[in-house]
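Order-wise, the sequence lines are chains U and F. Counting from 1, one number per residue, gives the positions in the first sequence under my numbering. Counting from 179, one number per residue, gives the positions in the second sequence under my numbering. Ideal placement from N, C-alpha and C gives every residue a C-beta, glycine not left out.
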Amino acid sequence: MNKHESLEEELKSLSPWLQEQSRKQAGMQVPPGYFEQLELAIFDKIDAENLHRPGLSSRPGGLIRNILRPRMWAAAAAVAAIAVACWWMLHPQSGAVLPVDTYAEALTDEEIEAYLLENITEFDAGQLAAITDVDMPEQTPASAPAPGKAAKTTDDISPEELENLLQQMSEEELESLL
Amino acid sequence: MQQTATNKPVSDEQIMELLRSEQGFERGFRQLMAQYRERLYWHIRRMVLLHEDADDVLQNTFIKIYRGVLQFEGKSKLYTWMYRIATNEAISHLQGKARHASESIDDTLAAMSNRLQADEWFDGDAITVKLQKAIAELPEKQRIVFNLRYYDEMPYEQMSAVLSTSTGALKASFHHAVKKVEAAFREL
């Protein structure tokens, strides 16, 4: 039994009156050539809405493409850099204190030393050498080695020598010193 | 160069094959439209009654199909999937019209069925107009089931896939709808 026969059977038992009615398009019509022109209308709409083949990148001119356009971002970055430079030149930083200096001033030498020892692994040899030269507290006479006892103190070693020395030491040796 | 569809019907699988290839996508979509536009149009037209509305809904339906066809997983038939989109679009359209007029969909549809004779693209006789008004009085789901079965002669199994409803429930719904339409027709 095909679907038409099945429906006819169904209607026959349910409503013979409805079965007799014409079901073809029910008085509804379409303008001449409508279906032929429909394809054109839909593709016009697809173009107007700037749709693209699903799964492919946007066509030129799409909003997302515009937002992600690298040239636009480069121009924006250049404008921002010029604005910052102008502002910097017009507002000299006389007497201005950088935030990092403010924090450094609030810390004692002991606190800095303790921090450095706690986080020794975070610094490379060059940085440690520079800190030793510049930032560490000067040795007091009491802590200075006796004459002739050590060939060199850290004050006598150049940053490069210290770096070489630290590079030659294993991690275990370094940890034992600390 | 514009890629044209062939007049010869091709299988859904062949359409999908074309759609999945980058070069064949447009041709595949044109083929899909050529093959299904009339059936989808009449399904939509029976739901929204007026040609102008049906045209809007059909175009939106094809735009949705265009956007989503590559996500179609083939779990149902291509036509079933498109029917579902068309049905949802038609319901959304009616809901939009009802919201705009601050009335229910049933009231909107009743008003549209009253305007049916004024539609340039309707030339039904008095009996046809009365029948359309009787159908417009059905609740939404019953109206869809009635149209799919009575006019499209869609088998219950296929309708079940479109409407995500059991065939038993659909049969019962159609039987109720037929009785109501006949009764409403007698009263009009």
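Minimum Cα-Cα distance from Asp301/F among the listed residues Val356/F, Glu191/F, Ile243/F, Leu227/F corresponds to Leu227/F. The count of Cβ pairs closer than 8 Å, one atom from the stretch 236–248 of chain F and one from the stretch 197–216 of chain F, reaches three, so the stretches are in contact.
When C-beta atoms of the stretch 27–38 of chain U are compared with those of the stretch 327–335 of chain F, fewer than three pairs fall below 8 Å, so the two segments do not count as touching. The continuous stretches of alpha helix (DSSP H) do not include Thr121/U, and DSSP gives it neither H nor E. Linking Ala350/F to Ser291/F through their CA atoms gives a straight-line distance of about 25 Å. The stretch 271–290 of chain F makes no contact with the stretch 184–196 of chain F, as fewer than three CB pairs between them are under 8 Å. Scanning the stretch 243–276 of chain F from its first residue to its last, no whole alpha helix (DSSP H) run of 4-plus residues comes out. Considering only Glu335/F, Lys357/F, Gly346/F, the residue with the shortest C-alpha distance to Ile313/F is Lys357/F.
The beta carbons of His229/F and Trp299/F sit about 4 Å from each other, so the pair counts as a contact at 8 Å. The three-state reading of DSSP puts Met28/U in strand, counting E and B together.
One finds nothing in chain F with a Cβ atom closer than 7 Å to the Cβ of Glu20/U; even the nearest lies about 10 Å away. Ranked by how close their Cα comes to the Cα of Leu51/U, the residues Ile241/F, Asp233/F, His271/F, Asp231/F have Ile241/F in first place.
Contact between His353/F and Leu11/U does not hold, since their C-beta atoms are separated by about 11 Å, which reaches or exceeds 8 Å. Counting only the Cα atoms, Leu309/F lies some 23 Å from Val235/F.
Of all residues in the stretch 299–321 of chain F, the ones placed with a Cβ closer than 8 Å to any Cβ belonging to chain U are Trp299, Phe300, Asp301, Gly302, Asp303, Ile305, Thr306, Val307, Leu309, Gln310, in chain order.
Setting aside the 5 residues that flank it on each side, Met260/F is surrounded in the same chain by Tyr214, Leu218, Ile243, each with a C-beta closer than 7 Å to its C-beta; the list follows chain order. Within the same chain, Cβ atoms closer than 6 Å to the Cβ of Asn238/F are found at Glu267, the five residues on either side in sequence being excluded.
For Arg215/F, the enclosing alpha helix (DSSP H) covers residues 203–226. Tyr244/F has a beta carbon lying within less than 9 Å of a beta carbon in chain U. At a Cβ-Cβ threshold of 9 Å, Lys311/F and Leu326/F do not count as neighbours.
Taking C-alpha positions only, Arg223/F is separated from Glu335/F by approximately 23 Å. Nearest to Lys319/F by C-alpha distance, out of Asp303/F, Met337/F, Ile305/F, is Met337/F.
The beta carbon of Val30/U sits closer than 9 Å to some beta carbon of chain F. According to DSSP, residue pairing for Phe300/F in a beta bridge involves Met28/U.
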